[in-house]
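Step one of this worksheet: look at the structure below.
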Amino acid sequence: RTHSILENWWVSGNIQVSTSGSDKQTTGHIARYVVPEYALATISGSTSPSEPPYRDVNVTVTADHRLYIEAEIQNGWHKKTVRWSQSHSFSNKQEYRNHAGVQNMTQVTAGSSISTHNGIPKISDKFHYPLSIDFYHIKDTRGDGYGVTFDLAFHRTELHPLHRTLSTVINSHRKSVGERILPPKGSAIHIAESDETFSYADVKGNTYTRHVKAAKGEVTYDREGGSLAKHSTSALNVNEPKSSHIEDGLARIHGGQTLISRYPGLINQV
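Counting with this note's numbering, you get residues 10 to 279 for the letters of the sequence shown.
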């Protein structure tokens, strides 16, 4: 392993400096420095019996990286023990079942960072990004086809006790499903639905929430609330779906515009 993939990254940072008011020079030293160069990664897989001669396949990839830095700082008047710890994790599990007619992927990225001065938290940042994608083959009374579901969430909490105006909590969750079915007779049947929620809050008391649903190329529900909402806890303009079918190769986005799909029958929802 050369660890050369995606090596050309740009890293940005934020340095905060405060003066103590003392004429004495600030001194200090690193007491502990535990920073592994690479993440700890694992790869595992297994198979299980399916319809002969086929077998189901499961593959899991994980990666974890943790660091810890501790320093002693003397600023002229006071001595501080400053600690910085960070933990990041990633996991990806994929399942292939029923001759790959069912394919499931579950992925989770999570992490936390915290800085303390003499045991008192000064900066804290936590995030959690789960994602699942499920692909499945359809064969029922409606005909033959395929479908896919997406379930994506974003959760982040940032706390800055020294700068309380920067402390925020953000949550977002989206579920989408799409299906394309070819009946024995007639035109293809397309199903495209999405449901998304969003919320924001900060220590100033500012809040914002929004819940949007879309189906068959149209927004069917849109409600926002909170102190930052332009329409306080009220439904916005909502259009009922015009048809249960969408033309092959065409997809509408909010506002009535039409997108030409690269692949016939593929529904793009924005």
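Glycine included, every Cβ here is placed at the ideal spot set by N, Cα and C.
- Less than 7 Å separates the beta-carbon of D153 from that of L191.
- Counting along the chain, H97 sits inside the beta strand (DSSP E) bounded by residues K88 to R106.
- In the displayed model, L237 falls within coil according to three-state DSSP, outside both helix and strand.
- Boundaries for A109: no beta strand (DSSP E) harbours it, and the DSSP string shows neither H nor E there.
- Exclusion of the five residues before and after A238 leaves Y217 as the residues of its chain whose Cβ lies within less than 7 Å of its Cβ.
- Taking C-beta separations shorter than 6 Å and ignoring five residues to either side along the sequence, the partners of Y209 in its chain run I179 and Y217, following chain order.
- Of the residues V212, S185, D231 and A201, the one whose Cα lies closest to the Cα of V221 is D231.
- Shown here for V70: same chain residues with a beta carbon closer than 6 Å to its own, the five before and five after excluded, namely I52 and N101 in chain order.
- Minimum Cα-Cα distance from G235 among the listed residues G187, K213, Y155 and T229 corresponds to K213.
- With contacts defined by Cβ atoms closer than 7 Å, V157 and Y105 do not form a contacting pair.
- G187 sits away from A197, with the two beta carbons spaced by 7 Å or more.
- Contact between A72 and F99 is confirmed by a C-beta separation of about 5 Å, below the 8 Å threshold.
- DSSP, read as helix, strand or coil, puts P170 in helix.
- Per the DSSP secondary-structure output, R41 pairs in a beta bridge with E79.
- For D143, the beta-bridge partners assigned by DSSP are N113 and T158.
- Counting along the chain, D204 sits inside the beta strand (DSSP E) bounded by residues I198 to D211.
- Rounded to the nearest whole angstrom, the CA to CA distance from F144 to N107 is 12 Å.
- Here R189 has G154, Y155, A197, H199 and G274 as same chain residues with Cβ atoms under 7 Å from its own Cβ, once five neighbours each way along the sequence are excluded.
- In this structure K225 does not touch D204 by the C-beta definition: roughly 14 Å separates them, more than the 8 Å allowed.
- Around the C-beta of E233, 16 or more other C-beta atoms lie within 10 Å, and the residue is accordingly described as buried.
- CA-to-CA, the gap between P61 and F136 works out to about 43 Å.
- Excluding five sequence positions before and after T35, the CB atoms of its chain that fall closer than 8 Å to its own CB belong to S29, I82, Q83, N84 and G85, given in chain order.
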